[in-house]
Structure formats: C-alpha cells, structure tokens
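Chains H and Z supply the protein sequences, listed in that same order. In short: position in the first sequence from 1, add 60, done, that's this note's numbering. In short: position in the second sequence from 1, add 3, done, that's this note's numbering. Here is the structure we will look at.
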Amino acid sequence: NAGVTQTPKFQVLKTGQSMTLQCAQDMNHEYMSWYRQDPGMGLRLIHYSVGAGITDQGEVPNGYNVSRSTTEDFPLRLLSAAPSQTSVYFCASRPGQGRLGTDTQYFGPGTRLTVL
Amino acid sequence: AQSVSQHNHHVILSEAASLELGCNYSYGGTVNLFWYVQYPGQHLQLLLKYFSGDPLVKGIKGFEAEFIKSKFSFNLRKPSVQWSDTAEYFCAVNALGGSYIPTFGRGTSLIVHP
C-alpha cells in the first residue's frame, strides 16, 4: 500500500490564483481530512469527509473547497489564493466511525504552499 | 467542542535526560487521546494512544503516557531521550459521539543535544 499520497510537494502561487491540492489513499478508509500546519498554531482542521459524497467544515474552512466523489480521493481547492494561505497542508485518513474514534490517523507527506 | 493545550512549546534537553511533555484537554465526557510525532522533514505518525483500560500506555521508541482523568491530562514521558527524538510532538483528542475528528494541540518542539 502507498498509504496517503499528496501532490504536489511544493507549490508557489501568486495572489488570486486558484489551484487544487491532491490527496489519495489506497487503504479504503472512510474518513479523510485536510489540515494546515502553521508555526505555533499546530494543526488546524480545514475540511473533512466521513465518506464519499459527504463533507463538512472544520475550524478554518474559509477560502477552501473540497469534494469527495470517490473513497480514494479528497482534493482541496484554493479558490483565490491569499498570502494568509501560505502554509503546509496535510491530508489524513482513518478507517472510520465504526471503531468509535479510536482508530489511528494516517498522514500524507504534506504540501508546502507559498502564496506571494 | 473539545480543546487541547500543550504548555511546553519548546523544550531543549541533553541526551539521557528525562522528558515530560504536558497535555491537557477540555471536555467532560469520554475521550480518546493520542500523541503524534513529526520528525524533521517527515509526516506525522502515531506514537501512542489511549481509549480505555490501563491509563498508563506504552508506545513506540520507549515513550509512554499517563491518562489522569481527574486532571484532564495525558502527559507524554520518556526516561532517557536520544538525539533521534528531536521532533515536534502533538497531543490530540477526540470525543465520543459526533464526527470523531481529532482536535490537535499546538505542538511541542523538542531538541535533544548529543
């Protein structure tokens, strides 16, 4: 298994540009999440999905869209990039609610995004 | 909603020193607790977790954590750190019911000098 994969690893955008960060997992996990990691702020949840076709907002959803058309993929779209979105973005997946939240999250390697 | 506090933001130790990283959460109900580690340049991985049973849990690489319900705490410990333990450590909690999406603390950066 490849686990959780993310592309690209690095990206530089100009203010106002849009782009999609890709995330895929091959473990048939129900739950997938997007976090951003900023110095001194830890990990903050952007959006999450509890299954194909179901998404919900996290702590910091503004400026981001997600969709979950398949179990495997969970792309994160930046609609109009802003310098405040400069961050490292992590995608994560876990088996699902059936284990009452005790299951481990598996993280991707991250995408380092800079918005100029 | 639950929240997680990690009081030590930066810790610097010498090899062989003992380590204790604090983690407190705010939620009155039943919780699942996790410690994740992020080594330099790598993604997060699970160190250990607690959801029931013995409140002293052991994880990988000699780490352990103790759940003290009365103090809402889940502190991480290691008797003797190594240079290779240099990393960022995150405490996380999710609460029974709801989405079970974990809330993470702000992280503690640990530097171990050889």
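Glycine is no exception: its CB is placed at the ideal position from the N, C-alpha and C atoms.
Beta carbon of residue i nearer than 8 Å to that of residue j
| i | j | result |
| --- | --- | --- |
| H:Ala141 | H:Ser78 | yes |
| H:Ala112 | H:Arg96 | no |
| H:His107 | H:Gly118 | yes |
| H:Arg172 | H:Asp163 | no |
| H:Gly170 | Z:Arg109 | no |
| Z:Phe66 | Z:Leu79 | yes |
| H:Gly161 | Z:Asn35 | yes |
| Z:Tyr30 | Z:Gln5 | yes |
| Z:Phe37 | Z:Lys61 | no |
| H:Gln66 | H:Cys83 | yes |
| Z:Leu59 | Z:Ala90 | no |
| Z:Val115 | Z:Val7 | no |
| Z:Glu23 | Z:Gln85 | no |
| H:Arg137 | H:Val120 | no |
| Z:His12 | H:Gly100 | yes |
| H:Gln165 | Z:Pro105 | yes |
| Z:Ile63 | Z:Leu50 | yes |
For residue i, three-class secondary structure by DSSP
| i | result |
| --- | --- |
| H:Asp163 | coil |
| Z:Lys52 | strand |
| Z:Lys64 | helix |
| H:Arg172 | strand |
| H:Gln85 | strand |
| Z:Leu47 | coil |
| H:Asp98 | strand |
Beta-bridge pairing of residue i - partner residues as DSSP gives them
| i | result |
| --- | --- |
| Z:Gln41 | Z:Glu91 |
| H:Met79 | H:Leu138 |
| H:Met92 | H:Ser109 and H:Ser153 |
| H:Gln66 | H:Cys83 |
| H:Gln71 | H:Leu173 |
Best match in the options for proximity to residue i [C-alpha to C-alpha]
| i | options | result |
| --- | --- | --- |
| H:Pro135 | H:Thr146, H:Phe150, H:Pro99 and H:Gln145 | H:Phe150 |
| H:Ser167 | H:Val72, H:Trp94 and H:Gly100 | According to the sequence shown, residue 167 of chain H is Phe rather than Ser. Ranking H:Val72, H:Trp94 and H:Gly100 by Cα distance to H:Phe167 puts H:Trp94 first. |
| Z:Gly83 | Z:Tyr53, Z:Leu16 and Z:Ala95 | Going by the sequence as given, residue 83 of chain Z is Ser instead of Gly. The candidate whose alpha carbon is nearest that of Z:Ser83 is Z:Leu16. |
| H:Glu90 | H:Gly100, H:Val64, H:Ser144 and H:Leu138 | H:Val64 |
| H:Asp133 | H:Lys74, H:Phe70, H:Val175 and H:Leu81 | H:Leu81 |
| H:Leu176 | H:Ala152, H:Gly170 and H:Gln145 | H:Gln145 |
| H:Asp98 | Z:Val115, Z:Thr111 and Z:Pro117 | Z:Thr111 |
| H:Thr131 | H:Lys74, H:Met87, H:Pro68 and H:Leu73 | H:Met87 |
| Z:Leu99 | Z:Ser87, Z:Ser55 and Z:Val115 | Z:Ser55 |
| Z:Val69 | Z:His46, Z:Gly25, Z:Gln45 and Z:His12 | The sequence given here places Glu at residue 69 of chain Z; Val does not occur at that position. For the residues Z:His46, Z:Gly25, Z:Gln45 and Z:His12, the minimum Cα distance to Z:Glu69 belongs to Z:Gly25. |
| H:Leu139 | H:Val126, H:Ser147 and H:Val148 | H:Val126 |
| Z:Gly44 | H:Thr75, H:Asp116, H:Val148 and H:Lys74 | H:Val148 |
| Z:Lys72 | Z:Ala20, Z:Tyr103, Z:Gly32 and Z:Ser21 | Z:Gly32 |
Restricting to runs no shorter than 3 residues, where is the beta strand (DSSP E) found entirely within the region 73–106 of chain Z?
76–81 and 90–98
Hey, which unbroken runs of the beta strand (DSSP E) at 3 residues or more fall wholly within the region 102–166 of chain H?
102–111, 114–117, 124–126, 136–138 and 147–154
Quick one: complete beta strand (DSSP E) runs, 3+ long, within the region 11–39 of chain Z?
13–17, 22–24 and 27–29
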